[in-house]
């Protein structure tokens with residue numbers, strides 16, 4: 091078949107192996123990415139932090155959700171192949187085990203999606219009120235975790251000698267400014283810069299590195315915001331296209347970047363935000 095005639099997403103990733111971090115929540119970008127890559131033919135390693143079921147939101151408890159196991163089961167029901175892993179991405183030994191387990195199960199690694207991020211919480215305060223331990227906690231996951239995962243994946247891809255793809259999930263907050271986002275936004279801006287540097291360093295080996303900056307996504311990360319007319323108005327005010335993503339658009343862009351359709355794209359930081367950045 092002429093590659094140009096191939097349906098978008100139709101077995102584009104057959105034979106590829108992908109790791110998606112932070113993919114265990116029921117309403118999450120990570121879950122959307124994992125299932126989208128699986129639909130395209132990739133074998134997917136679904137990773138999570140091993141959060142306690144007691145911390146699950148009410149909708150996950152009601153659904154009998156089992157974190158990464160539920161996502162892996164969904165992939166298998168789609169006819170795909172999935173492996174689950176509990177990984178502390180800020181711990182070098184834990185990251186090394188994840189890579190070893192992936193190679194042990196599938197023999198290779200082609201795609202890494204750095205989606206895991208620190209949850210919203212005590213870091214959302216003015217910089218003058220932000221303590222150094224909170225800042226370090228955010229940076230340990232968002233920056234050090236992305237660094238450790240990217241370095242380990244790149245080393246593996248270099249050893250394989252057949253190229254590869256790394257896709258980082260950042261945020262529009264890394265390109266804009268907002269109060270109470272000092273820790274979060276700066277940590278994500280670091281991810282953007284890391285991605286550009288790695289793209290240049292790895293380009294000669296056909297390893298591509300790109301970063302996606304999602305805008306307003308109605309996922310469990312925003313469960314602290316009450317739903318209703320006020321929420322809907324906020325979305326319309328913030329997003330020029332007038333609606334919030336649920337992770338689907340970010341997942342489709344991830345698939346594109348990880349596929350051969352994007353084989354001449356690397357070092358990019360792409361907005362997936364409904365026009366939010368330029369609409370401000």
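In the working numbering, the protein residues as written are 91 to 370.
C-beta atoms are modelled at their ideal positions from N, C-alpha and C, and glycine is treated no differently.
Note that the coordinates shown come from a computational prediction; the quantities given were computed from them, not determined experimentally.
Quick check on DSSP: helix, strand or coil for residue 232?
Three-state result, residue 232: helix.
Could you give the residue range of the beta strand (DSSP E) that holds residue 254?
Residues 254-259.
Counting Cβ pairs closer than 8 Å, one from the segment 132-142 and one from the segment 178-198, do we hit at least three?
Output reads yes: the segment 178-198 touches the segment 132-142.
Do you know offhand how far residue 162's Cα is from residue 237's?
Distance between the alpha carbons of residue 162 and residue 237 is about 25 Å.
Could you spell out the range, first to last residue, of the alpha helix (DSSP H) harbouring residue 344?
Segment 338-348, the alpha helix (DSSP H) holding residue 344.
Looking at the unbroken alpha helix (DSSP H) that takes in residue 195, where does it start and where does it end?
182-196 is the extent of the alpha helix (DSSP H) around residue 195.
Using three-state DSSP, classify residue 355 as helix, strand or coil.
If DSSP states are grouped into helix, strand and coil, residue 355 belongs with coil.
Considering only C-alpha positions, which residue in the set 214, 173, 261 is nearest to residue 281?
Checked all of 214, 173, 261; the closest Cα to residue 281 is 261.
Please classify residue 322 as buried or exposed, where buried requires at least 16 neighbouring CB atoms within 10 angstroms.
Flag for residue 322 reads exposed.
Report yes if the C-beta distance between residue 225 and residue 273 is below 8 Å; otherwise report no.
Taking 8 Å as the Cβ cut-off, residue 225 and residue 273 qualify as a contacting pair.
Under the rule that 16 or more other beta-carbon atoms within 10 Å means buried, what is residue 324, buried or exposed?
Residue 324 comes out exposed.
Which partner residues of residue 360 appear in the DSSP bridge assignment?
Beta-bridge pairing links residue 360 to 302.
Put residue 142 into one of helix, strand or coil per three-state DSSP.
If DSSP states are grouped into helix, strand and coil, residue 142 belongs with coil.
Taking buried to mean at least 16 other C-beta atoms within 10 Å of its own C-beta, is residue 251 buried or exposed?
With fewer than 16 Cβ atoms within 10 Å of its Cβ, residue 251 is classed as exposed.
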